[in-house]
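The numbering of the sequence shown is the numbering used here, which starts it at 2 and goes up by one. Ideal placement from N, C-alpha and C gives every residue a C-beta, glycine not left out. The structure presented is a predicted model; accordingly, all values stated were derived computationally and were not measured.
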Amino acid sequence: MKFLREDLVFSIHSEEGTDSGVDTYFGLCTYPGRGLRHRIDFKVYPRDIYAFGLIAWTGNDVLNRRLRLLAESKGFRLDDTGLFPATQASAGKRGSRATASLRLDTEKEVFDFLGFPWLEPHERNL
């Protein structure tokens with residue numbers, strides 16, 4: 002039985018209009034003995050942004066929002082590809098991000114830089 006049943010998206014170095022180095026696959030799979038299809042996502046991050054990918058995909062939306070708001074309060078934009086100095090926006094709109102991320106190699110370095118208490122991955126559902 003074929004596990005992956007349907008390809009929805011496959012992109013190398015995804016994120017439209019950028020070359021973040023992240024490879025992405027979204028598809029549908031079925032488990033043996035079951036006909037129901039399930040969504041499955043794979044993301045492969047290069048080593049230099051791996052910590053940001055781990056933070057984005059471990060824990061829940063509450064933690065992600067807290068970390069992103071904390072970064073914003075310090076003049077940065079946090080996403081799954083890095084921590085970027087924020088740029089100014091016009092008409093009171095939120096600024097975009099600069100093109101170069103800070104170089105932080107571990108999740109702990111990101112938490113420390115933001116001044117957020119370290120949480121192991123299994124502790125990240127706030």
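Host alpha helix (DSSP H) of R67 (start-end): It spans D62 to S74 - the alpha helix (DSSP H) in which R67 sits, taken as one unbroken run.
Three-pair Cβ contact test at 8 Å for the region 50-62 versus the region 103-122: Yes, the region 50-62 touches the region 103-122.
Residues of its chain near T107, where Cβ-Cβ distance is below 8 Å and the 5 sequence neighbours each way are ignored: A52
Sequence-distant residues of the same chain with beta carbon closer than 7 Å to F117, five excluded per side: Within the same chain, F117 has close Cβ partners L68 and L71.
Reduced DSSP category for V111 - H, G, I as helix; E, B as strand; rest coil: In the three-state reduction of the DSSP assignment, V111 falls in the helix class, which pools H, G and I.
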